[in-house]
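The sequence shown runs 78 to 225 under the numbering used here. The beta-carbon is built from N, C-alpha and C at its ideal position, and this holds for glycine as well. To start, the structure under review is shown below, and the notes come after it.
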Amino acid sequence: MELKWKIKPFEALTVHELYDLLKLRSEIFVVEQNCVYLDIDGKDKKALHLIGEYDDKIVAYVRLFDSGISFDNASIGRVVVDSNYRDRKWGHDLMREAIAAIKSNFGKDKITIGAQLYLKKFYESHGFVQTSEMYLEDDIPHIEMVLE
């Protein structure tokens, strides 16, 4: 079975969707990665939220930004797939949907991301190229990558 995709601005998210996507982000970025950081960073209100649902449950999610919010270019962030569903390779579907949504909603082709270093090959498989040296963000190695 495939994912059902939704894309919404912050104001259109239901209370249940917001709760569920914040819970998923917390499960992965805070608990699984053992990283204490403030996930609610003020940018959710400026983002488009791409949600992948399976069996009425949010299992894939990403934030999309126009240029000038996170980077000079349009950007993708908080890329997450529920750990119980990673064997289905839905991260690739999520990235394809996210790239297409940036183009259709913002009219941009150039996309910048701050990628966790261990996912470099994953993002390269979607056309991203490393453009920075490694840096630490919340004690996790990251690199900047760009899709032209």
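Following a CB-centred definition, is residue i positioned closer than 7 Å to any heavy atom of the ligand GDP?
i: I217; result: This structure lacks the ligand GDP; in fact it carries no ligand of any kind.
Looking only at its chain, what residues have a beta carbon closer than 7 Å to the beta carbon of residue i, apart from the 5 residues adjacent to it on each side?
i: C112; result: F106, D215, D216, I217
i: V158; result: V136, A137, W167, G168, L171
When you compare only the Cα positions, how much space is there between residue i and residue j?
i: V92; j: V136; result: 17 Å
i: M211; j: S147; result: 18 Å
i: S160; j: G168; result: 11 Å
i: L98; j: A178; result: 18 Å
Starting from residue i and walking both ways along the alpha helix (DSSP H), at which residues does that stretch end?
i: R155; result: Where R155 is concerned, there is no enclosing alpha helix (DSSP H), although the beta strand (DSSP E) it sits in stretches over 151–158.
i: G168; result: 167–183
How far does the beta strand (DSSP E) with residue i in it reach, from first residue to last?
i: M222; result: 217–224
i: K198; result: It is not in any beta strand (DSSP E) - K198 instead sits in the alpha helix (DSSP H) that spans 197–201.
Could you tell me whether the Cβ atoms of residue i and residue j are closer together than 8 Å?
i: S209; j: I220; result: yes
i: D164; j: A151; result: no
Leaving aside the five residues before and after residue i along the sequence, list all residues of the same chain whose C-beta is less than 8 Å from its C-beta, in chain order.
i: Y200; result: M172, I190, A192, M222
i: K85; result: E94, L125, H126, I128
How many whole angstroms separate the CB atoms of residue i and residue j, which I take to be in contact at a CB cut-off of 8 Å?
i: Y138; j: L90; result: Not confirmed; about 11 Å, so no contact.
i: Y271; j: Y131; result: The shown model of the chain, from 78 to 225, leaves out residue 271, and the question about it has no answer.
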